[in-house]
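Top to bottom, those sequences are chains A and B. The first sequence begins at 387 in this note's numbering and counts up by one. The second sequence begins at 126 in this note's numbering and counts up by one. The beta-carbon is built from N, C-alpha and C at its ideal position, and this holds for glycine as well. Scroll down for the structure; my scribbles are underneath it.
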Amino acid sequence: MSTTHTVSSAQTALDAWTREMIAWHFSPDTGSDYWLKWAETAGWNPLKEITCFADIAKKFDHFDDDVLRDEQPERFVPRAFAGRPYNIFETGGTTGMPKQRVGWEDYKVDYEEFSDHYGPDFFPKGTNWLMVGPTGPRRLRLAIEHLANHRGGSCYFVDLDPRWVKRLIGMGEMAMARKYQEHVIDQAAAIIRHRNIQCMFTTPRLLENLAERMSLVKAGIKGVFAGGTTMTPQYVRFVVEEVLEGQINFAPTYGNTLMGLAISRKLQPADNYSITYYAPQPRAALRVVNPDRPSELVAYGEYGRVELTTMTKEFFVPRFLERDEAIRRPPCDEFAWDGVGDVRPFQSLTKTIIEGVY
Amino acid sequence: MSDTIHIPVLRMGQTYRSLDTIKFAVAGHSLEISVANSGLIRRDLQHLARAGASLRAIPCNTLVGYCEKAAELYLHGNLPWGDGDRLQSPADYVAALSQLTGLPHSLGRANMGKVHAAMSNIRAVIAGLTRGMPLELFDRGVVRQEGLDINFFPQTESLGVLLPSNSPGVNSLWLPALVMKIPVVLKPGREDALTPFRIIQAMIAAGFPKSAFGFYPTTHDGGDTLLFGNGRAIAFGNDTTLKKYAPYRHIQVHGSGRSKVLVGDDSADQWEKDLDVIVHSISANGGRSCINCSSVLISRHRDALADALARRLAAIEPLPREHPDATLCGFANTAIAKGIDERIDELLKVPGATDLAARYRQGPRLVEMHGQTFLRPTLIVCDDLQHPLANTEFMFPFASILQVPQADMIEQIGESLVVSAFTRDRDWSAALMTSTNIERLNLGPYSTMRVQWEQPHEGNLFEFLYRRRALQGDLPSA
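Spelled out as structure tokens, the structure:
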């Protein structure tokens, strides 16, 4: 779907939204205890000094997400929502005390927007979904079900606990990790064989494993939405050509509990399977910054660290440095703002990282 | 013609260009190597039955002939560099191998000789592995010996091999599998994709079916996929590799060799006569092999032998890679050389060890010469085997030397890939032959690097791939 924005109008909308969200989170009537207390000791007044999105990078330090582990989640409840029960969502594969955030409707907004980006046939409307991946305390589980419902279908679930997989790998229990993965795939294969499923959400690795058991085309799958791990161009090509046999629609995404969902632009031959994701602006904005001088953007086409700013009425996170790096890509006809391409773990070329476990 | 040479993935014979590549520069060309993702390997492993069928369709005796022909093509032929039209001469191969691995041309050619010998002696190799059973065993699954029907069956559809980059000669270990009608799935070492690719091209040109070869330059994840996706697999690596895969019966791990020369009581007084053999054991093939000697144990005259050895080893100097007398290898990754040098110096701080070669060599151990980084030969005189430098190995001519009573040697040496025991003592020889910690035993003054084709090498590949079944009753006549 093409954007209705120009680059300039998107920037104007982002600046206006920034002002609105700053007013919301730093006003005593609507803001959360955490941010109001923070402002008291910040030494500057966001209400006065933030006039556009660029000011966020100038004035705020990087958000330390350990706060989400250490603070009680209720401290992040905006006063405007006081008394409204909320969801608590946890981040993906964390071990130890998890990082948590509160939420109400954000996931619905994100996933409806995702749904609207695709036509009625990409994920055929009125058909059922299967989610194979981390459910539990994660936003994703509710989000996928909402997506299925929003498109007129229902959703089946097979859970995978990434924290247990990470622990198994950490203990060197590779054989047990493989058995657990097989157990997950057994369940998914059973659902696909016995229920009418046409759409799926899963992680790329599980998608591969599932397709080793069966032809997903012959199983009647029409659209696959995947996210959660690095997808190199070769990997995307492999998924498109072999796992999905060139016949199933594929929607790779980049996202997490703090950001929501960044949609990938439609692959063109010139992309050579290199994927670019675009944040759900203005609710969240991604910048690709110089790792050594994070106030500076890198040039287009260069790798840098991914920096996230989330600004919804439910949640505010300024300048969070993701544990990912990506190529800064320019706006395109689908999205009138910068994108992040070929995302991979930060400094993955110099560190050993347990990734792709689920 | 493009200046880029591309080495593709071979998906059981089908060439495949990956979008993930590793790039090198060799001989004025850029060399690009396709990297397979693990899922791609898993998908291909589902179709191994086809690969096996293509080999089973050919009589074993014919495959032996193909292997002998491939030996000549490998050693002398112009073979495809990659997936293009460009051909690689033996000289091209040796030069590129040298640039990628640091192996001087002389050792590159010597390793070619080893692989060639393994291929051209394939009849002897197979006979050694099967203890002389007729080749028709692999066609019929059964042979008659001394009035008994003997039935062997394959325990796997394929052999997966994680190859190292340190010494091209190790490729000779997987070759017999093809003649035994077991397809191979290879992950080349990062710096040496050239050798297995050249061998495969020679074998295909000689007549082997393409579909019998999987060639997957890949990541660690892909390597694990390969080891666990094949019914039998071989991994080369260090002690960490050994520990990681030791619990899995289907994986044969070739870790550190810790090969040794033991000079017995009856030979100790004539150490001068055996000096050349010991120097060869330590320094041949640039000291890169796991069958290079890394410890010398002698029951007396340690200091005299150590002094003579140190002088000889210290005289081995780095030479340009093209020099015909070059025997030291450069390190393609200079950080590894630096790390080894620092590690040795750190461990020398533990009392009880001296680098005697340092007294005689012309400068420091770590040296930049001829556009490469080298480690000069090192001999550590140790007071006892408990010293951290006494029973270890590094990827260059490195050895320790100790004085140990003959009676204590077998118990003290620990796991050793090769032991050359310089002795004619019948009782001690018997004790060595019944010891459980020696993989290959040379009795007499022979280099640890000695290869005898009739003997199994680093585990019996036939017994790893095939298993004997009790066969009773009436066998239908052929």
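Three-way DSSP call (helix, strand, coil) for residue i in this model
{"i": "A/Met517", "result": "strand"}
{"i": "A/Asp635", "result": "Note on identity: in this sequence residue 635 of chain A is Asn, with Asp being the wrong assignment. Looking at A/Asn635 - three-state DSSP - the assignment turns out to be strand."}
{"i": "B/Met305", "result": "coil"}
{"i": "A/Ala665", "result": "coil"}
{"i": "A/Gln573", "result": "helix"}
{"i": "B/Pro184", "result": "coil"}
{"i": "A/Lys511", "result": "coil"}
{"i": "B/Gly312", "result": "Note that residue 312 of chain B is Lys in the sequence shown here, rather than Gly. Residue state, collapsed to three classes: strand."}
{"i": "B/Leu212", "result": "strand"}
{"i": "B/Asp599", "result": "coil"}
{"i": "B/Thr255", "result": "helix"}
{"i": "B/Ile461", "result": "helix"}
{"i": "B/Asp274", "result": "strand"}
{"i": "A/Tyr744", "result": "Here A/Tyr744 scores only 38 on pLDDT, less than 50, and its place in the model is too uncertain to base an answer on."}
{"i": "B/Thr350", "result": "helix"}
{"i": "B/Cys192", "result": "helix"}
{"i": "A/Ile739", "result": "Low confidence applies to A/Ile739: its pLDDT is 39, below 50, so where it sits in the model is not reliable, and the reading given next is rough at best. In this structure, A/Ile739 counts as coil in the three-state DSSP scheme."}
{"i": "A/Asp456", "result": "helix"}
{"i": "A/Ala396", "result": "helix"}
{"i": "A/Gln654", "result": "coil"}
{"i": "B/Val160", "result": "coil"}
{"i": "B/Ser336", "result": "helix"}
{"i": "B/Ile423", "result": "strand"}
{"i": "A/Tyr621", "result": "helix"}
Cβ-Cβ distance between residue i and residue j below 8 Å
{"i": "A/Phe706", "j": "A/His448", "result": "yes"}
{"i": "A/Arg669", "j": "A/Thr698", "result": "yes"}
{"i": "B/Thr146", "j": "B/Ser159", "result": "yes"}
{"i": "B/Val386", "j": "B/Ser545", "result": "yes"}
{"i": "B/Ser419", "j": "B/Arg383", "result": "yes"}
{"i": "A/Lys485", "j": "A/Asp451", "result": "yes"}
{"i": "B/His495", "j": "B/Pro449", "result": "no"}
{"i": "A/Ser501", "j": "A/Leu528", "result": "no"}
{"i": "A/Pro680", "j": "A/Glu693", "result": "yes"}
{"i": "B/Gly295", "j": "B/Pro289", "result": "What sits at residue 295 of chain B in the sequence shown is Val, not Gly. It is a contact, given that the beta carbons lie within the stated cut-off."}
Per-residue burial, residue i [other beta carbons within 10 Å of its own, 16 or more giving buried]
{"i": "A/Val570", "result": "buried"}
{"i": "A/Lys565", "result": "exposed"}
{"i": "B/Lys148", "result": "exposed"}
{"i": "B/Gln139", "result": "exposed"}
{"i": "A/Asn658", "result": "exposed"}
{"i": "A/Ile474", "result": "exposed"}
{"i": "A/Thr651", "result": "Note on residue identity: the sequence assigns Arg, not Thr, to residue 651 of chain A. Result: buried."}
{"i": "A/Tyr621", "result": "buried"}
{"i": "B/Leu273", "result": "exposed"}
{"i": "B/Gly488", "result": "exposed"}
{"i": "B/Ala236", "result": "Before going further, note that residue 236 of chain B is Asn rather than Ala in the sequence given. So B/Asn236 ends up on the buried side."}
{"i": "A/Arg524", "result": "buried"}
{"i": "A/Glu406", "result": "exposed"}
{"i": "A/Ala685", "result": "exposed"}
{"i": "A/Trp430", "result": "exposed"}
{"i": "B/Val475", "result": "exposed"}
{"i": "A/His503", "result": "buried"}
{"i": "B/His512", "result": "buried"}
{"i": "B/Gly464", "result": "exposed"}
{"i": "B/Thr226", "result": "buried"}
{"i": "B/Glu579", "result": "exposed"}
Rounded Cβ spacing between residue i and residue j (contact assumed at less than 8 Å)
{"i": "A/Gly641", "j": "A/Gly613", "result": "6 Å"}
{"i": "A/Phe439", "j": "A/Leu400", "result": "5 Å"}
{"i": "B/Leu260", "j": "B/Cys185", "result": "4 Å"}
{"i": "B/Lys306", "j": "B/Gly190", "result": "The Cβ separation is near 14 Å, so there is no contact."}
{"i": "B/Cys192", "j": "B/Val304", "result": "6 Å"}
{"i": "B/Ser408", "j": "B/Gln531", "result": "Incorrect: roughly 25 Å between the Cβ atoms, too far for contact."}
{"i": "B/Glu316", "j": "B/Ala457", "result": "5 Å"}
{"i": "B/Ile526", "j": "B/Leu400", "result": "About 12 Å separates the two Cβ atoms, so there is no contact after all."}
Any chain D beta carbon closer than 8 Å to residue i
{"i": "B/Val404", "result": "In the displayed structure, chain D is absent; the protein chains listed are A and B."}
>> For the stretch 607 to 635 of chain A, list every residue whose C-beta sits within 9 Å of some C-beta in chain B, in sequence order.
In response: Thr618, Pro619, Gln620, Tyr621, Val622, Arg623, Phe624, Val625, Glu628, Val629
> In the stretch 130 to 157 of chain B, which residues sit with their C-beta less than 8 Å from some C-beta in chain A, listed in chain order?
Replying inline: Ser143, Leu144, Asp145
>> Give me the subset of the stretch 157 to 187 of chain B whose CB atoms are less than 8 Å from a CB atom of chain A, sorted by chain position.
In response: Flagged, chain order: Val160, Asn162, Gly164, Leu165, Arg167, Arg168, Gln171.
>> Counting only Cβ-Cβ distances shorter than 8 Å, please list the residues of the stretch 648 to 663 of chain A near chain B, keeping chain order.
In response: Asn658, Tyr659
>> Please identify, using Cβ separations under 7 Å, the residues of the stretch 569 to 597 of chain A that lie next to chain B, in order along the chain.
In response: Under the 7 Å Cβ criterion, the stretch 569 to 597 of chain A contributes Glu594.
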